[in-house]
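What follows is a short report on a single structure.
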Amino acid sequence: MSPLDHLIARIDVDGPMSLADYMAECLLNPRFGYYTTRDPLGAAGDFTTAPEISQMFGELLGLCLAQSWLDQGAPAPFTLAELGPGRGTLMADLLRATRAVPGFHAALELHLVEASPTLREAQAKALTGFEPIWHDIIDSLPQQPLFLVANEFFDALPVRQFLRDGTSWREKRIGMQNGTLTFGLGPVTEQPALSHRLEDTREGDLVELCEGAAPITAAIATRIAAHGGAALIVDYGDWRSLGDTLQALRDHAPCDPLEAPGSADLTTHVDFEVLTQAAQAHGCTATRLTPQGVFLERLGITDRARALAAPLEGDALDNLIAAHRRLTHPEEMGNLFKVLGLYPGNATPPPGLQS
Ligand code: SAH
C-alpha cells in the first residue's frame with residue numbers, strides 16, 4: 006500500500022485528519038515516514054542543518070555545555086543528551102571539542118532521543134566508542150544532572166492549525182477530494198489552549214498549536230530543576246508566530262506539503278513562548294531568546310574560524326568563510342534561528358546567554 010493509499014484509507018474510516026496527525030504519519034510512520042526510512046540531511050539530501058554546515062557549531066555548543074557543567078561543580082555522573090541527533094555530527098563535534106575538559110568525558114553518560122532507525126544507525130557510526138543509549142521518548146532519560154542539546158528538533162514536531170472564527174476556532178484539516186488530498190476546515194470549536202491567542206489575533210487569522218512541545222520541555226526542566234544541568238534549544242522561529250509557517254522541503258527546494266506524502270521534510274516555526282513557559286512552570290530559569298548569530302559570536306566563533314582558516318587556502322578557505330557567514334549572518338541563519346537556554350535558578354546562565 007502506498008503512503009497515499011494508507012492516508013486515504015485512514016481518512017475513509019476516521020474522516021479528515023488534523024495537520025498534526027498528517028505530519029506524524031508523513032514524518033514518522035514506521036513503514037514510509039520521511040525520517041524513519043531515510044537520511045534526509047546534507048547536500049545529497051533535502052536540507053542542511055547547522056552542524057552539517059560546519060564543525061564549529063557542535064564544538065561551540067559543546068564547550069558552552071561543558072562550561073555550565075564546570076560552573077555547577079562538575080556533577081558526576083551526568084546525562085549528556087541530544088534530541089533528534091540527525092547524523093550524529095553535532096554530538097561527534099561536541100565530544101571531540103570537550104575531550105580537553107578535565108573529567109567531562111569520565112562523568113558523562115550519553116543518551117540520544119531518536120525516532121528513526123535509519124538515523125540511529127548513522128549516529129552509531131558517528132559516535133563509535135561512546136556507547137550511546139537510545140530512547141524513543143524523552144521521559145525515559147535518567148533522573149540525574151542533565152546537559153542537553155536540541156537543534157532543529159522542535160520544528161519537526163506535529164502542529165495543529167486553527168482559523169479564528171469569532172472567539173472560537175475552526176481546525177484546518179486534511180481530507181480527500183477527487184482522489185487527492187486537500188485542506189479543509191472542521192467545525193467551530195472552543196479551544197481553551199488558544200485563549201491567549203484571542204489577544205493578538207483577528208477574525209480569520211491562522212495560529213499553530215504544537216501539543217508535544219510543552220510536555221517535552223517539562224521533562225527537560227524537571228530534571229534540570231531537581232538535579233542541575235542546562236539545555237540549549239536551537240531552532241527556527243520566534244517568541245510567538247502568527248500565520249501558516251508549514252514548510253515542505255524536497256531536494257533543498259520548497260514543495261507542496263500534500264504532494265507525495267512521506268517524501269518531503271515538513272517543519273513549522275517554533276513558538277519559544279510555549280517552551281519558556283513550560284520550563285518556568287517546572288522550576289527552571291529560561292534565558293532570553295537569543296539570535297543564533299549573536300550566540301555564536303559571543304562564544305567566539307570568529308576566533309575559532311580564524312584558527313581553522315590558518316592552514317587553508319583556495320576552495321577550502323572559501324568554504325570556511327562561507328560556513329561562518331551562513332551560521333552567523335542576519336540574512337542567513339543568524340537571525341532566523343534562535344537559542345533558548347534552560348538552567349537551574351541558583352546557577353549562572355550558560356555562556357553566551359542571559360536571563
Ligand atoms: N539535530 C540534527 C537533525 C535535525 S532533523 C541536525 O541538526 O542536523 C530532526 C531530527 O529529529 C531527526 O534526527 C529526526 O529523526 C528526529 N525526530 C523528529 N521527530 C522526532 C520525534 N518525535 N521523536 C524523536 N526524534 C524525532
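The sequence shown begins at 6 in my numbering and counts up by one.
The beta carbon of each residue, even a glycine, is placed where N, CA and C say it ideally should be.
Predicted model, so just to flag it, every value in this text is computed and none were measured.
Secondary structure note for Trp74: its alpha helix (DSSP H) is the uninterrupted segment 60-76.
Leu12 and Pro266 do touch by the CB rule: their CB atoms are close to 6 Å apart, below 8 Å. DSSP, reduced to helix, strand and coil, places Arg245 outside both helices and strands of the structure shown, so it counts as coil. In this structure Leu46 is in contact with Arg92, their Cβ atoms being roughly 6 Å apart against a cut-off of 8 Å. When distances are taken from the beta-carbon of Tyr27 to the heavy atoms of the ligand SAH, even the shortest one reaches 7 Å or more.
Here DSSP, grouped into helix, strand and coil, assigns Asp98 to helix. Just measuring C-alpha positions, the residue of Arg311, Val344, Gly189 sitting nearest Met61 is Arg311. The C-beta of Pro56 has 16 or more other C-beta atoms within 10 Å across all chains shown, which makes the residue buried. Gly191: member of the beta strand (DSSP E) spanning 185-194, first to last residue. In the DSSP assignment, the residues bridged to Val212 are Phe167. When rounded, the separation of the alpha-carbon atoms in Gly233 and His110 is 17 Å. By alpha-carbon distance to Gly134, the top candidate from Glu114, Tyr39, Lys343 is Glu114.
By the 16-neighbour rule on beta-carbons within 10 angstroms, Asn183 is exposed.
With fewer than three CB-CB distances shorter than 8 Å, the stretch 312-327 does not count as touching the stretch 253-263. From the listed residues Ser59, Ala29, Gln77, Ser200, the smallest Cα separation to Ala120 is found for Ala29.
Taken in chain order, the stretch 219-284 contains no complete alpha helix (DSSP H) segment of 4 residues or longer.
Proximity to Ala71 across Val299, Val154, Glu136 peaks at Val154, based on C-alpha coordinates. Pro137 counts as buried, since no fewer than 16 other beta carbons sit within 10 angstroms of its beta carbon. The C-beta of Ile142 has fewer than 16 other C-beta atoms within 10 Å across all chains shown, which makes the residue exposed.
Within the same chain, and ignoring the five residues on either side of Leu263 in sequence, the residues whose Cβ sits closer than 6 Å to its Cβ are Leu186. Under DSSP, Pro349 forms a beta bridge with Cys289. Three or more pairs of CB atoms, one per stretch, sit closer than 8 Å, so the stretch 214-225 contacts the stretch 158-165. For Val299 and Asp270, the gap between their C-alpha atoms comes out near 27 Å. Not one heavy atom of the ligand SAH is found less than 7 Å from the C-beta of Thr222. In terms of side-chain proximity, the C-beta atom of Pro266 is found no nearer than 7 Å to any non-hydrogen atom of the ligand SAH. For the set Pro21, Tyr27, Gly171, Ala49, the Cα lying nearest the Cα of Ala258 is the one of Ala49.
Annotation for Met338: Ala55, Gln297, Arg331, Leu332 place their beta carbon closer than 7 Å to its own, counting only its chain and skipping 5 residues before and after.
Relative to the Cα of Ile326, the nearest Cα in the group Asn340, Glu208, Arg309, Leu341 belongs to Arg309.
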